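Colleague: One structure, as structure tokens, below. Some questions next.
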Amino acid sequence: MWVNRFKLVVLGQLVALVCGCSSMEDPWKGVQGSPKVLVTFPPLFSMVKQVAGGGAAVQCLCTTTGPHHYNYNARDAILLRNADLFFSVGLGLDDHFVGKMLATDSKKKVQHVALGKLLVPQNLCLLSPEEEHDHSAPGHDHHHHHGEHDPHVWLGTKQCKAMAVDIARYLGEQDPANRDKYHANAKIFGERMDALKKQGRDQLASKKENRLISFHPSLAYLADTMALQIVDTIQINPGAEPDAKRLAKLIQKCVDEKIQVLAVEPQYPTTTASKLILEELKRKGIDAKMVEVDPLETADAGELSAGWFEKKMAENLKALVEILP
50 MWVNRFKLVV
60 LGQLVALVCG
70 CSSMEDPWKG
80 VQGSPKVLVT
90 FPPLFSMVKQ
100 VAGGGAAVQC
110 LCTTTGPHHY
120 NYNARDAILL
130 RNADLFFSVG
140 LGLDDHFVGK
150 MLATDSKKKV
160 QHVALGKLLV
170 PQNLCLLSPE
180 EEHDHSAPGH
190 DHHHHHGEHD
200 PHVWLGTKQC
210 KAMAVDIARY
220 LGEQDPANRD
230 KYHANAKIFG
240 ERMDALKKQG
250 RDQLASKKEN
260 RLISFHPSLA
270 YLADTMALQI
280 VDTIQINPGA
290 EPDAKRLAKL
300 IQKCVDEKIQ
310 VLAVEPQYPT
320 TTASKLILEE
330 LKRKGIDAKM
340 VEVDPLETAD
350 AGELSAGWFE
360 KKMAENLKAL
370 VEILP
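Counting along the sequence shown from 1, when you hit position 11 you're at 60 in my numbering, and nothing is skipped either side.
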């Protein structure tokens with residue numbers, strides 16, 4: 050019985066999308082360039098813009114709502130239907146809506162590439178059993194499931210370099226006349242990623258402390274890039290506050306190991322848990338501080354540009370350099 054109800058729900062969604070699409074103007078209208086490239090979220094937008102060098106038309110699905118919580122709509126279905134290439138991360142980050150979108154593409158014209166899944170295993174961080182999410186936890190969004198690997202690969206410079214090479218390869222398949230340009234641009238982007246890593250490690254090398262508590266399990270690749278250590282995580286499931294038992298465990302770990310820095314995210318305004326941990330540590334004589342580290346999962350549409358990603362990565366580095374003792 051429940052299977053039939055599920056089929057009816059999916060059919061209803063498809064009908065609603067078709068009806069919505071039939072009366073909607075093509076969102077690619079007025080967007081110059083070729084090939085037409087659709088991406089799931091802001092870091093991929095910047096990377097494609099960097100590699101394409103202004104030649105491709107690029108549009109982004111997620112802007113102010115991140116991939117963890119995004120739901121696609123009729124406009125997205127049109128974007129997909131008229132795109133040549135569709136880049137996602139995969140690895141459980143955006144699969145929950147990408148799969149549904151691809152199911153609506155009856156023409157099967159678009160070439161979909163999950164860039165995270167193309168990374169070699171040694172370039173992927175494993176999630177701890179705890180970080181693979183307790184799907185029964187209160188507040189957990191059940192349509193969002195990570196696999197065994199941490200999907201936040203865009204926060205690692207090594208991973209970004211590899212993804213840029215793959216972006217160049219697929220752009221070149223769509224546009225052979227500019228293949229060499231795409232690969233040259235990917236090489237330049239990779240060199241800038243190397244420079245960012247060196248700058249970060251050089252600036253952080255003199256710090257007495259390199260440990261911090263992250264807000265949710267998103268900073269492993271950034272930590273690896275900058276030689277930092279993520280000791281624990283406040284929210285295992287994004288948006289779900291820790292219970293009293295976990296909160297007590299985090300506070301005790303900070304006390305025992307003298308952790309002084311808590312990373313919070315702009316997507317989640319300073320939470321009750323973060324404030325409680327900070328206040329309790331101060332009461333126990335630990336001069337703990339918060340630092341805002343953006344996992345770059347969201348951006349205002351007007352901010353999106355080829356340089357947005359590098360600018361935001363540099364801002365994260367600056368914040369860490371200023372806060373770490």
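For glycine and all other residues, C-beta sits at the position ideal for the given N, C-alpha and C.
Note that the coordinates shown come from a computational prediction; the quantities given were computed from them, not determined experimentally.
Taking the alpha-carbon positions, what's the E371 to K158 distance?
Modeller: Rounded to the nearest angstrom, the two C-alpha atoms are 48 angstroms apart.
Colleague: So what does DSSP say about H161, is it helix, strand or coil?
Modeller: If DSSP states are grouped into helix, strand and coil, H161 belongs with the strands.
Colleague: Just the C-alpha distance for Q316 and I237, rounded to the nearest angstrom, thanks.
Modeller: Approximately 30 angstroms, taken between the alpha carbons.
Colleague: Taking its Cβ as the centre, do 16 or more other Cβ atoms sit within 10 Å of M275, making it buried, or is it exposed?
Modeller: With 16 or more Cβ atoms within 10 Å of its Cβ, M275 is classed as buried.
Colleague: As a quick exercise: from I326, V100, D75, P92, pick the residue whose alpha carbon is nearest that of D224.
Modeller: It is V100 whose Cα lies nearest to the Cα of D224.
Colleague: Cutting at 7 angstroms between CB atoms, please list the residues of its own chain near P200, excluding the five before and the five after it.
Modeller: Closer than 7 angstroms at Cβ, skipping near neighbours: V138, L140, G141, L142, G165.
Colleague: Taking only runs of the beta strand (DSSP E) that begin and end inside the region 267-312, which ones reach a length of at least 3 residues, in chain order?
Modeller: Listed in chain order, the complete beta strand (DSSP E) runs (minimum 3 residues) inside the region 267-312 are 278-282.
Colleague: State the start and end residues of the unbroken alpha helix (DSSP H) segment that holds L93.
Modeller: 91-101 is the span of the alpha helix (DSSP H), which, as asked, contains L93.
Colleague: Are the Cβ atoms of I262 and L327 separated by less than 7 angstroms?
Modeller: In this structure, L327 does not lie closer than 7 angstroms to I262 by Cβ.
Colleague: What does the alpha-carbon distance come out to for the pair P187 and I283?
Modeller: In this predicted model, P187 has a pLDDT of only 42, less than 50, meaning its place in the structure is not dependable; the value taken from the coordinates is given anyway. For P187 and I283, the distance between alpha carbons rounds to 15 angstroms.
Colleague: Could you spell out the range, first to last residue, of the alpha helix (DSSP H) harbouring L446?
Modeller: One cannot answer for residue 446 here, as it falls past the ends of the chain, which runs 50 to 374.
Colleague: Go ahead and label T347 buried or exposed: buried means 16 or more other beta carbons lie within 10 angstroms of its beta carbon, across all protein chains shown.
Modeller: Answer is buried; the Cβ neighbour count reaches 16.
Colleague: Between M339 and V304, is the Cβ-Cβ spacing less than 7 angstroms?
Modeller: Going by C-beta atoms, M339 is not nearer than 7 angstroms to V304.
Colleague: Assuming V86 contacts D154 under a Cβ cut-off of 8 angstroms, what Cβ separation, rounded to an integer in Å, is found between them?
Modeller: Contact doesn't hold; Cβ gap of about 15 angstroms is too wide.
Colleague: Does the region 235-254 come within contact of the region 206-216, defined as at least 3 CB pairs closer than 8 angstroms?
Modeller: Yes: at least three Cβ pairs fall under 8 angstroms.
Colleague: Ordered along the chain, which non-local residues of its own chain (more than five positions away) have a Cβ less than 8 angstroms from that of L128?
Modeller: The residues are P76, W77, L87, Q108, L110.
Colleague: By the DSSP assignment, the beta strand (DSSP E) with S323 in it spans what residues?
Modeller: Counting along the chain, S323 falls outside any beta strand (DSSP E), though it belongs to the alpha helix (DSSP H) covering 321-332.
Colleague: For a test of the three-state rule: what should DSSP assign to A368, helix, strand or coil?
Modeller: Correct three-state label for A368: helix.
Colleague: State the start and end residues of the unbroken beta strand (DSSP E) segment that holds I237.
Modeller: Element bounds for I237: not the beta strand (DSSP E) but the alpha helix (DSSP H), 228-253.
Colleague: To the nearest angstrom, how far is the alpha carbon of D336 from that of Q309?
Modeller: If I take the Cα positions, the gap works out to 6 angstroms.
Colleague: Looking only at C-alpha atoms, which of K307, E74, M96 sits nearest to L353?
Modeller: Answer by Cα proximity: M96.
Colleague: Can you give me the start and stop residues for the beta strand (DSSP E) that K338 sits inside?
Modeller: Element bounds for K338: 338-341.
Colleague: Spatial neighbours of D229 within its chain, please: C-beta separation below 7 angstroms, excluding the five flanking residues on both sides.
Modeller: There are no such residues.
Colleague: In angstroms, rounded to a whole number, what distance separates the CA positions of R218 and H232?
Modeller: Their Cα atoms are separated by approximately 7 angstroms.
Colleague: Comparing C-alpha positions only, which one of I285, H198, R130 sits nearest to L167?
Modeller: The shortest Cα separation from L167 among I285, H198, R130 belongs to H198.
Colleague: T112: which of D125, G102, V202, E341 sits nearest, CA to CA?
Modeller: Minimum Cα distance to T112 is reached at D125.
Colleague: From the DSSP output, in three-state form, read off K85 for me.
Modeller: DSSP places K85 in strand when its eight states are reduced to three.
Colleague: Quick check on DSSP: helix, strand or coil for I335?
Modeller: If DSSP states are grouped into helix, strand and coil, I335 belongs with coil.
Colleague: Alpha carbon to alpha carbon, what distance is there between L330 and D144?
Modeller: Computed Cα separation, rounded: 38 angstroms.
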